[in-house]
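Take a look at the structure set out below.
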Amino acid sequence: MNTSDNLNEYLAAIIESSNDAIITKNLDSIIQTWNNSAERLFGYAAHEAVGRSITMLIPDDRQHEEADIIARLRSGQRIEHFETVRLRRDGTLIPISLTISPVRNRAGEVIGASKIARDITDQKQAEKQQKLLLGEMRHRVGNSFAVAGSLLAVTARQVETAAELVTIMQKRFVALASVHSLALADPMGATQARPYLKDLVAKIIEPFASGQSCTLEIDNIRIASEAVTPIALIFHELCTNATKYGAFAQSDGSIAVTTKREGDRLVIQWQERCQIAPSSLNKEGFGTHLCQTVVEATLGGTITRNFKSTGMAALIDVDLNILTDRC
């Protein structure tokens, strides 16, 4: 065996062992060679593919691509990293990246092409997840500004000095940051993580409590990502009011949060134990109306409050299917 034969065998071995599909065709688009990776990628054995038109791999809506490729090859052009979609034997579509080089004879004339096809399914999935993540980030940033604006409007109506406004808003922003941190606890997921209701409520309450007793007897429920912000707003307002007028304003105050399932409804009860000044009984402001609107519009529910001299109780009745995204 001469050196030329050895070289040809060596090159053939390289082609057969390549992880990329390597195919050659003539200028009539007829397949001439087909390596093992091409068989794995497209599902055809070499004896099934060689001699057939490469167009068998091209979806109907992309048949025009082959004419363009042949035209560019005839002019001697090399096509690099052409991303497209091709058909497997079982009819499924697969995203691939093609690098196509003209093959010339001894006279330098283009007589065909060598194609290297690489499966880019993982790359496309990663790009899709990146787009979803960027979209979620844009949504959450915009939503955060909207929430901050609402909280600022509520607080500004309740305070008398700028210093008081700054102090209260700092606490609220800390609470919001905690909520967002919990909601995004699974950064590798395709969608926003779904926190447990108990964890979410605990995170919101934490910055407001200063040694007061807080009891949480909440069902082990994962809530929908879309429900995170509404639930956060509601408990934010309850905590804020408790800080100004109720249990969080008194060292011996206490709060209990419980849940009860009633068919496809979930009733959340917020119960404060403290002494409430008569002037604060049945006090309703912008924040209260905001919570009512949020519960009705986003959770298919209602919120009612009952004031007594021994503390305030709130009942939040929501659609369990909406809360958990089981619709």
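In full-length UniProt numbering, the protein residues as written are 1 to 327. Built from N, CA and C at the ideal position, the CB exists for glycine as well. All values derive from a computational prediction rather than experimental measurement.
Worksheet item: Quick check: the stretch 38 to 51 against the stretch 20 to 29, are there 3 or more CB pairs under 8 Å?
Response: yes
Worksheet item: Nearest to Leu-200 by CA position, among Ile-231, Leu-133, Pro-207, Val-174, is which residue?
Response: Ile-231
Discussion item. Taking the straight line between their C-alpha atoms, what separation do you get for Leu-320 and Asp-264?
Written reply: 5 Å
Worksheet item: In or out: Thr-191 buried (at least 16 other Cβ within 10 Å) or exposed?
Response: No answer about Thr-191 holds up, because its pLDDT of 47 lies below 50 and its placement is not dependable.
Item to complete: Go ahead and pull the three-state DSSP assignment for Gln-63.
Response: coil
Worksheet item: In or out: Leu-134 buried (at least 16 other Cβ within 10 Å) or exposed?
Response: Its Cβ having fewer than 16 others within 10 Å, Leu-134 is exposed.
Worksheet item: In chain order, what residues of the same chain have a beta carbon less than 6 Å from the beta carbon of Gly-91, not counting five sequence neighbours either side?
Response: none
Item to complete: Taking only the alpha-carbon atoms, compute the straight-line gap between Ala-177 and Thr-240 and give it to the nearest angstrom.
Response: 16 Å
Practice prompt. Determine the DSSP secondary structure at Thr-229, reduced to helix, strand or coil.
Written response: Here Thr-229 sits in helix by DSSP.
Practice prompt. Kindly indicate which three-state DSSP category Ala-190 falls into: helix, strand or coil?
Written response: Low local confidence applies: a pLDDT of 42 at Ala-190 is under 50, so the model's placement there is unreliable, with the coordinate-based value given in what follows. Correct three-state label for Ala-190: coil.
Worksheet item: Where do the N-terminal and C-terminal ends of the beta strand (DSSP E) with Leu-315 fall, by residue?
Response: 311 to 319
Fill in: Option nearest Thr-33 by Cα separation, candidates Val-103, Lys-171, Lys-308
Val-103
Worksheet item: How many Å lie between Ile-255 and Ile-94 at the Cα?
Response: In this model, Ile-255 and Ile-94 are separated by some 57 Å (Cα to Cα).
Worksheet item: Name the DSSP beta bridge partners of Asn-306, please?
Response: Ala-313
Worksheet entry | Neighbourhood of Ser-101 by C-beta distance below 7 Å, restricted to the same chain and skipping five residues each side | The beta carbon of Ser-101 sits closer than 7 Å to those of Arg-78, Ala-113, Ser-114, all from its chain and outside the five residues before and after it, given in chain order.
Item to complete: Tell me where the alpha helix (DSSP H) around Phe-82 begins and ends.
Response: Looking at the DSSP string, Phe-82 is not in any alpha helix (DSSP H); the run it does join, the beta strand (DSSP E), is 79 to 87.
Worksheet item: By Cβ distance below 7 Å, which residues in the same chain neighbour Leu-299 in space, the five residues on each side in sequence not counted?
Response: Annotation for Leu-299: Ala-227, Pro-230, Val-318, Asp-319, Ile-322, Leu-323 place their beta carbon closer than 7 Å to its own, counting only its chain and skipping 5 residues before and after.
Worksheet item: What separation, rounded to the nearest whole angstrom, lies between the Cα atoms of Ile-276 and Ala-126?
Response: Between the C-alpha atoms of Ile-276 and Ala-126 there is a straight-line separation of about 55 Å.
Worksheet item: Apart from the five residues on each side of it in sequence, which residues of its chain come closer than 7 Å, Cβ to Cβ, to Arg-194?
Response: Within the same chain, and ignoring the five residues on either side of Arg-194 in sequence, the residues whose Cβ sits closer than 7 Å to its Cβ are Arg-222, Ile-223, Ala-224, Ser-225.
Worksheet entry | Ile-96 versus Thr-302 - alpha carbon distance | 52 Å
Worksheet item: Roughly how many whole angstroms lie between the Cα atoms of Ile-218 and His-236?
Response: Cα to Cα, the separation comes out at about 17 Å.
Item to complete: Return helix, strand or coil for Ala-113, following the three-state DSSP convention.
Response: strand
Worksheet item: Residues bridged to Arg-261 by DSSP?
Response: Leu-266
Item to complete: Mind checking which residues open and close the beta strand (DSSP E) that includes Val-50?
Response: Segment: none, Val-50 is in no beta strand (DSSP E) and carries neither H nor E.
Practice prompt. Over the uninterrupted alpha helix (DSSP H) stretch that includes Ala-202, give me the two end residues.
Written response: Counting along the chain, Ala-202 sits inside the alpha helix (DSSP H) bounded by residues 197 to 205.
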